[in-house]
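Chains A and B are the protein sequences, given in the same order. For the first sequence, the positions run 1 to 452 when my numbering is used. For the second sequence, the positions run 453 to 680 when my numbering is used. Backbone N, C-alpha and C fix where the C-beta goes; we use that ideal spot for every residue, glycine too. To start, the structure under review is shown below, and the notes come after it.
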Amino acid sequence: MSTHTESTDPYATGIVDDEAVADAHVFNIEGGDWDDLVDEATSLNEERIVVNMGPQHPSTHGVLRLILELDGETVTEARAGIGYLHTGIEKNMEFRTWTQGVTFCTRMDYLTPLFQEAAYCLAIEKLLGITDDIPERASVIRVLMMEMTRISSHLVALGTGGMEMGATTVMTIGFRERERILGIIEMITGLRMNNAYIRPGGVAVDLPPGTIDAIRDMVPKVRKGIGELEALLNENPIVKGRMVDVGVLDLAGCMALSVTGPVLRSTGLPYDLRKSDPYCGYETYDFDVITRTSSDAYGRLRVRIDEMYESLKIIAQCADRLQDNPGPVMVADKKIGWPAQLALGPDGLGNSLDHIREIMGESMESLIHHFKLVTEGFRVPPGQVYQAVESAKGELGCHLVSEGGTRPYRAHFRDPSFNNLQAVAAMCEGGMIADVIVAVASIDPVMGGVDR
Amino acid sequence: MADDNSVGAPLPQDGSARQLPSGSDRGDEKSSGFWSDLFAPVAGFGVSFSTMFRKVATEEYPEKPRPTAPRYHGRHQLNRHPDGLEKCVGCELCAWACPADAILVEGADNDDSPDGAGRFSPGERYGRVYQINYLRCIFCGYCIEACPTRALTMTNFYELADNDRGKLIFTKDQLLAPLQEGMLQPPFPMAEGMNEKDYYRGKVSGPTDGQREYVDARDARIDEEMSQ
Ligand code: SF4
Ligand code: SF4
Chain A
1 MSTHTESTDP YATGIVDDEA VADAHVFNIE GGDWDDLVDE ATSLNEERIV
51 VNMGPQHPST HGVLRLILEL DGETVTEARA GIGYLHTGIE KNMEFRTWTQ
101 GVTFCTRMDY LTPLFQEAAY CLAIEKLLGI TDDIPERASV IRVLMMEMTR
151 ISSHLVALGT GGMEMGATTV MTIGFRERER ILGIIEMITG LRMNNAYIRP
201 GGVAVDLPPG TIDAIRDMVP KVRKGIGELE ALLNENPIVK GRMVDVGVLD
251 LAGCMALSVT GPVLRSTGLP YDLRKSDPYC GYETYDFDVI TRTSSDAYGR
301 LRVRIDEMYE SLKIIAQCAD RLQDNPGPVM VADKKIGWPA QLALGPDGLG
351 NSLDHIREIM GESMESLIHH FKLVTEGFRV PPGQVYQAVE SAKGELGCHL
401 VSEGGTRPYR AHFRDPSFNN LQAVAAMCEG GMIADVIVAV ASIDPVMGGV
451 DR
Chain B
453 MADDNSVGAP LPQDGSARQL PSGSDRGDEK SSGFWSDLFA PVAGFGVSFS
503 TMFRKVATEE YPEKPRPTAP RYHGRHQLNR HPDGLEKCVG CELCAWACPA
553 DAILVEGADN DDSPDGAGRF SPGERYGRVY QINYLRCIFC GYCIEACPTR
603 ALTMTNFYEL ADNDRGKLIF TKDQLLAPLQ EGMLQPPFPM AEGMNEKDYY
653 RGKVSGPTDG QREYVDARDA RIDEEMSQ
């Protein structure tokens, strides 16, 4: 950190005094006796310690580093250190075609892959001006996938959050139920995470036979599982003792820090992009925006639980719509729609023999489209867009800049975990160190998304 | 920036542009009765207790590996036509589509001349070198979507770990599907009277007598050369 600051930097932590730093007592615990160190520290009569929690700490959600200044057990100052999972995904996307970008952005927040894909593809479609041409069925499938992802993400949030407080049962139930959802996602996309399933113009491949039945079978089971979580958590005196009035951040604080998602809704503001700025036809589904007014970790827990019920409602509606709508799942424009027609066979998953016959045996034009799309991709008119979706963690925005080529000039993501993580200081300072864990868990940050 | 591109701004300033929906605060909706309220704090014990009588959800890998979904993206496979010729035409589309640059293809010309290198696939070219680097592959499946001949497919095999980096670069002989019953070992000419397109139209259902004779003669010649 720069020490010669006449600084006007509004983000500076505080004035660093060179002399005070030089005089500061440094404790080393290399060799020697622990008791000596303790004696030395106590003789100074100072309780103030700075502790690094993480980046390798089991309860900080991946590689988050929390820098805590403690006075006894009270946190006097808390800062989040990020960057330990930086992957350069955004930069990499500038060197891949628009379609290939999907495989990158899906890996940002690895618990909500389909939200990134949806935000990215919706943004591309907006730039191309084909938002209205996306087939109805493709949009319904997108909604279905996003809502399943929301439940699975919330289940991890509750499960790991519970585990960090010592409640292993919450974790096992959460992961058990998540498995049912991942089973369906695997059935549809072939992968459990990092799916690369939503593509510019639609989705990669239609649902396999039997999916609707599997979904209808899954919904009541998951609803029951969430009910069990509710029984374990809602009125549990220990949970309430640990979470009520912990990690409080009121509406003004959320607005100042642009915090979104369950954290914002726990303050009572029903801000949900699915309602306030609908995409993929969300305005036609029947569901409620869940809010609480307690603004604390317990409120966020209840918001997440109730949101899962709402997502199940949406999933059931999707299943009904998909049953009546055989339509295509990719835009009709042959110059944009990814040309693959996957089919299963005894030799595995590959392009269907009908598609092969069409492009290799019959239509030269189809072959040329196939060849051009695969090797160079489609061109996107110059311009920029911002498209946001309501991910499980809040507003997930995608800002794309195109200079008219086959690759993005810039692809930027506003990841909700990143913004929400700024609230750590506001939530934790003045509280106990044990409450830091609960507060961070209630934000539910995923470092893959934070660092990108 | 065009106006319609700037959607997604936060709260509406004037309250007219986009109305926020009314939220539903369920703070006290679920009070369902005296007894359930009384036992709510300990309802979790009921869940724990009943779980003891359930089948465990744990998977017993590796003793009992769970089958994947049929669409699972597993190890790749290079397929053959029904007579045994390779489907891969060395077009490199899979390598172009791969976002992780995991595929290396080098095509070469098929050669029907009597002393030539022979024919491995219908059409002009075949994939002489084919490698997939499983240290790079992210199993996205773009390559199988790009392949215009269904030469490349993905199987459900997923046990791809190894302790040697070199072994994870799979070469063509590892990826190529084994010869099925009745298939012949390339190189050999296309079925008589058929052209490349007939193969893709599915008109070839197995090796012809002419192809068999060619392969027998070829193998006899090789044996002879070996024994000399
Ligand atoms: S699955 Fe994806 S990463 Fe792997 S070889 Fe195919 S295109 Fe490349
Ligand atoms: S596997 Fe398919 S895409 Fe790849 S080189 Fe062979 S024919 Fe072309």
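| Item | Value |
| --- | --- |
| Host alpha helix (DSSP H) of Ser-294 of chain A (start-end) | Looking at the DSSP string, Ser-294 of chain A is not in any alpha helix (DSSP H), and its letter there is neither H nor E. |
| Proximity of Val-143 of chain A and Cys-280 of chain A at Cβ, strictly below 8 Å | yes |
| Cβ-based burial, Val-50 of chain A [other Cβ within 10 Å; buried from 16] | exposed |
| N-terminal and C-terminal residue of the beta strand (DSSP E) that Asn-585 of chain B is part of | 577-585 |
| Closer than 7 Å: Thr-605 of chain B CB and nearest ligand 2 heavy atom | no |
| Cβ pair count under 8 Å reaching 3, the stretch 114-121 of chain A against the stretch 95-105 of chain A | yes |
| Pairwise C-alpha distance: Leu-556 of chain B and Ile-621 of chain B | 10 Å |
| Identity of the residues DSSP links to Cys-454 of chain A by a beta bridge | Outside the displayed range of chain A (1 to 452) lies residue 454 of chain A, so it cannot be described from this structure. |
| Pro-135 of chain A, buried or exposed, once every other Cβ within 10 Å from all chains shown has been counted against 16 | buried |
| Cβ of Ala-495 of chain B within 8 Å of any chain A Cβ | yes |
| Cα-Cα separation, Gln-637 of chain B to Ala-521 of chain B | 32 Å |
| Host beta strand (DSSP E) of Asn-52 of chain A (start-end) | 48-53 |
| Three-state secondary structure assigned by DSSP to Leu-70 of chain A | strand |
| CB contact below 8 Å: Val-374 of chain A versus chain B | yes |
| Proximal residues, the stretch 145-170 of chain A versus chain B, C-beta separation under 8 Å | Thr-169 |
| Contact set between the stretch 638-654 of chain B and chain A, restricted to residues whose Cβ is under 7 Å from the partner | Lys-649, Tyr-652, Arg-653 and Gly-654 |
| Leu-545 of chain B beta carbon near ligand 2 (any heavy atom closer than 7 Å) | yes |
| Below 6 Å from a heavy atom of ligand 1 - residues by beta-carbon | B:Ala-549, B:Cys-550, B:Ala-552, B:Ala-554, B:Ile-555, B:Ile-584, B:Cys-589, B:Ile-590, B:Phe-591, B:Cys-592, B:Gly-593, B:Tyr-594 and B:Cys-595 |
| Residues of its chain near Arg-580 of chain B, where Cβ-Cβ distance is below 6 Å and the 5 sequence neighbours each way are ignored | Glu-558 and Ala-560 |
| Alpha-carbon to alpha-carbon, Val-508 of chain B and Glu-515 of chain B | 15 Å |
| Close Cβ partners of Ala-598 of chain B (< 6 Å) along its chain, the five nearest in sequence each way excluded | Leu-545, Cys-546 and Ala-549 |
| Same chain only: Cβ atoms within 7 Å of Asp-650 of chain B, ignoring 5 sequence neighbours per side | Val-656 |
| Proximal residues to Ile-184 of chain A (C-beta, below 8 Å), its chain only, five neighbours per side dropped | Met-148, Thr-211, Ala-214, Ile-215 and Met-218 |
| Cutoff 8 Å: Gly-475 of chain B Cβ touching any chain A Cβ | Confidence in Gly-475 of chain B is poor, its pLDDT being 49 and thus under 50, which makes the residue's placement too unreliable to answer from. |
| Thr-375 of chain A Cβ short of 7 Å to ligand 2 heavy atom set | no |
| Per DSSP, the bridge partner or partners of Val-461 of chain A | Only positions 1 to 452 of chain A appear in this structure, which leaves residue 461 of chain A out of reach. |
| Host alpha helix (DSSP H) of Gly-498 of chain B (start-end) | 495-503 |
| Those runs of the beta strand (DSSP E) which lie wholly inside the stretch 565-646 of chain B and span at least 3 residues | 577-585 and 604-606 |
| Gly-593 of chain B at chain A interface by Cβ criterion, 8 Å | yes |
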